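Trainee:
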């Protein structure tokens, strides 16, 4: 009887665990699911002179109630990042009114909706570990689903899904990019406006999958998933996406090697500062230019980016308050296009130094606030924190080599907001990687733990006697009557049970021998 009860309990626990893992995605809010689908489904249409996309339409509907809920505290604690991001949008609007009054309303409306809308959507509906794990699983699934189309595109040079949408009446989609091949392969844009964006989308899933799902997916499963993610990053043939992946892999490796060192991250920061100072002293180039030279596929691209950075900073210092808006930036005559492959620099040129600082300080506040939280190493919360931190520390550097706009712009700040629940979540101990889930205690064991040591021994002794008459402590009612006083010799001469057995079956050892 005891063995059959144990088998039932173990099979029930396994089924519960599988059901829990499978329900993470099901718990994800429908608006989040719909948002992620609009990110990878590049549908659009025109309303007069306004270009509307599926992402903008969805966020336009929900942005006001979600923003009100965030400000009122309905979605948890408010942080400085919330106000800094709102002020950034306000300052961007002022900048455009000063520089481009005829385009201000249209531009700030679309940009503000994508930026703030994605952020507040994450703050509203990604607030637990289950929500976050479900989000990671959906992003991973989207990366895998896009791979067949990416493989076709790298051979044909035509983005498959946008090509299908182009044939539909009324609807618009992203433009097919015409970029020179690299390594005899076409660069894959998939469903995004540029191959860089597809590579960045895939790179976001790397640490989140390998580290964040450590307690939810086997090692083999995570390695296979990361190989699929790596294939997507490679097919974009983007140095920015590859840089993001390399930085994340480096951080994962560092954490693994020095996992027993408590101050390993301070050591890493110290080494980075020492390297920066050494390069600054020994090199005839600035450390930033040295980094850019190694973060590109060719020396020509690195040199061109250094020119962009130099002239971009001249424009920033010439227009420090309100920036240039959408006015042309001053550059050498041989630079035929005004493309700037640096997100942070674009913000500073377009919105001025105040606009850049409001955005950068909010971004830094999120990373520092989450990074300061301490969780038990190996637990689900600790893994999710590390995964999110690795992703955005890597993106901090990557965004200095790429520019983002439209859907991926909204997605990056959606993912930034999706990790802020870690800053205030209760740090209760949970399941440790490689270990078993904590065993659920029965009513019998819960009430026994509240008794004194002597009473516990007495009850266990009586429980053994009760079993002889057909009783089973696993099926007792919620209220356990105390043992009735008995006449006869004292129980102190009998065996004393001081603690429960270590096995998963909480049945006393006396009844096992029966």
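Numbering (full-length UniProt numbering), first residue to last: 1 to 514. Note that beta-carbon positions come from the ideal geometry of N, C-alpha and C, so glycine has one too. All figures in this text were calculated on a predicted structure; none of them were measured in a lab.
Use the C-beta contact count for residue 355: other C-beta atoms within 10 angstroms, 16 or more gives buried, fewer gives exposed.
Mentor: Under this definition residue 355 is a buried residue.
Trainee: Less than 8 Å separating the beta-carbons of residue 252 and residue 210?
Mentor: It is a contact, given that the beta carbons lie within the stated cut-off.
Trainee: Mind checking residue 577: buried by the 16 CB within 10 Å criterion, or exposed?
Mentor: Examination of residue 577 is not possible in this model, given that the chain is present from 1 through 514 alone.
Trainee: Kindly indicate which three-state DSSP category residue 46 falls into: helix, strand or coil?
Mentor: Of the three classes helix, strand and coil, the one that applies to residue 46 here is strand, per DSSP.
Trainee: Kindly indicate which three-state DSSP category residue 482 falls into: helix, strand or coil?
Mentor: At residue 482, the pLDDT of 48 sits below 50, so the modelled position is not reliable; the number obtained from the coordinates is stated separately. Reduced to three states, the DSSP call for residue 482 is coil.
Trainee: Taking the C-alpha atoms as reference points, what is the distance between residue 56 and residue 133?
Mentor: Taking the straight line from one Cα to the other gives about 25 Å.
Trainee: Inspect the CB distances between the region 156-165 and the region 238-245 and report whether three or more fall short of 8 Å.
Mentor: These segments do not touch.
Trainee: DSSP puts residue 52 in a beta bridge; with which residues?
Mentor: Looking at the DSSP assignment, residue 52 forms a beta bridge with 45.
Trainee: Exposed or buried, which one is residue 278 when buried takes at least 16 other CB atoms within 10 Å?
Mentor: Counting Cβ neighbours within 10 Å, residue 278 comes out exposed, since fewer than 16 surround it.
Trainee: At the level of alpha carbons, what is the spacing between residue 150 and residue 318?
Mentor: Whole-angstrom Cα-Cα distance: 43 Å.
Trainee: Pull up the distance between the alpha-carbon of residue 89 and that of residue 83, whole angstroms please.
Mentor: Straight-line Cα distance between these residues: approximately 10 Å.
Trainee: May I ask which residues mark the beginning and end of the alpha helix (DSSP H) holding residue 35?
Mentor: That run of the alpha helix (DSSP H) goes 30-40.
Trainee: Output the residue ranges of the alpha helix (DSSP H) runs that lie fully inside the region 97-161 and measure 4 residues or longer, sorted by chain position.
Mentor: Those alpha helix (DSSP H) runs which fall completely within the region 97-161 and span 4+ residues are 104-125, 129-156.
Trainee: Determine the direct distance from the alpha carbon of residue 163 to that of residue 145, and round the result to whole angstroms.
Mentor: Rounded to whole angstroms, residue 145 to residue 163 spans 17 Å at the Cα level.
Trainee: Based on DSSP bridge pairs, tell me the residues matched to residue 182.
Mentor: In the DSSP output, where bridge partners are listed per residue, residue 182 has 185.
Trainee: Looking only at its chain, what residues have a beta carbon closer than 7 Å to the beta carbon of residue 69, apart from the 5 residues adjacent to it on each side?
Mentor: 75, 124, listed in sequence order.
Trainee: Reducing DSSP to helix, strand and coil, say where residue 379 ends up.
Mentor: In this structure, residue 379 counts as strand in the three-state DSSP scheme.
Trainee: So, helix, strand or coil for residue 172, using DSSP?
Mentor: Strand at residue 172.
Trainee: First and last residue of the alpha helix (DSSP H) that includes residue 248?
Mentor: Per DSSP, residue 248 belongs to the alpha helix (DSSP H) from 239-257.
Trainee: Would you say residue 312 and residue 350 are within 8 Å of each other, going by their C-beta atoms?
Mentor: No.
Trainee: Rounded to the nearest angstrom, what separates residue 32 and residue 122 at their Cα positions?
Mentor: Cα-Cα distance, rounded: 8 Å.
Trainee: Using DSSP with H/G/I as helix, E/B as strand and the rest coil, what is residue 194?
Mentor: Reduced to three states, the DSSP call for residue 194 is coil.
Trainee: How do the region 167-183 and the region 377-391 stand: do at least 3 beta-carbon pairs fall below 8 Å, yes or no?
Mentor: Taking 8 Å as the limit for Cβ pairs, the verdict is that the region 377-391 does not touch the region 167-183.
Trainee: With DSSP run on the structure shown, which of helix, strand or coil describes residue 389?
Mentor: DSSP places residue 389 in helix when its eight states are reduced to three.
Trainee: Would you check if there are 3 or more beta carbon pairs closer than 8 Å linking the region 395-413 to the region 189-196?
Mentor: The region 395-413 vs the region 189-196: in contact.
Trainee: Using only the alpha-carbon positions, how far apart do residue 104 and residue 97 sit?
Mentor: In a straight line, the C-alpha of residue 104 is about 5 Å away from that of residue 97.
Trainee: If the criterion is Cβ atoms closer than 8 Å, does the pair residue 110 and residue 352 meet it?
Mentor: No, the Cβ-Cβ distance between residue 110 and residue 352 is not below 8 Å.
Trainee: Pop quiz: residue 418 and residue 126 are said to be a contact at Cβ under 8 Å. What is the actual Cβ separation, rounded to whole angstroms?
Mentor: About 4 Å separates the two Cβ atoms, so the contact holds.
Trainee: So is residue 131 buried or exposed if we call it buried at 16+ other beta carbons inside 10 Å?
Mentor: Per the 10 Å Cβ criterion, buried.
Trainee: Just to confirm the assignment, what range does the alpha helix (DSSP H) spanning residue 401 have?
Mentor: Run containing residue 401: none; DSSP gives neither H nor E here.
Trainee: Within the chosen definition, does the region 51-65 reach the region 405-412 through at least 3 CB pairs nearer than 8 Å?
Mentor: The answer is yes - the region 405-412 touches the region 51-65, with three or more Cβ pairs under 8 Å.
Trainee: Using only alpha-carbon positions, find the residue among 229, 393, 307 that is nearest to residue 269.
Mentor: The residue with the shortest Cα to Cα distance from residue 269 is 393.
Trainee: Based on Cα-Cα distance, which residue from 223, 410, 423, 310 lies nearest to residue 200?
Mentor: Closest option to residue 200, Cα to Cα, is 410.
Trainee: To the nearest angstrom, how far is it from the Cα of residue 436 to the Cα of residue 216?
Mentor: Any reading at residue 436 is ruled out, since the residue's pLDDT is 38, under 50, leaving its predicted position unreliable.
Trainee: Only counting the same chain, and skipping five residues up and downstream in sequence, which positions put a Cβ closer than 8 Å to that of residue 330?
Mentor: Excluding residues within five positions, the ones whose Cβ falls inside 8 Å are 311, 314, 315, 318.
Trainee: Does the Cβ of residue 232 have 16 or more other Cβ atoms within 10 Å, making it buried, or fewer, making it exposed?
Mentor: Residue 232 comes out buried.
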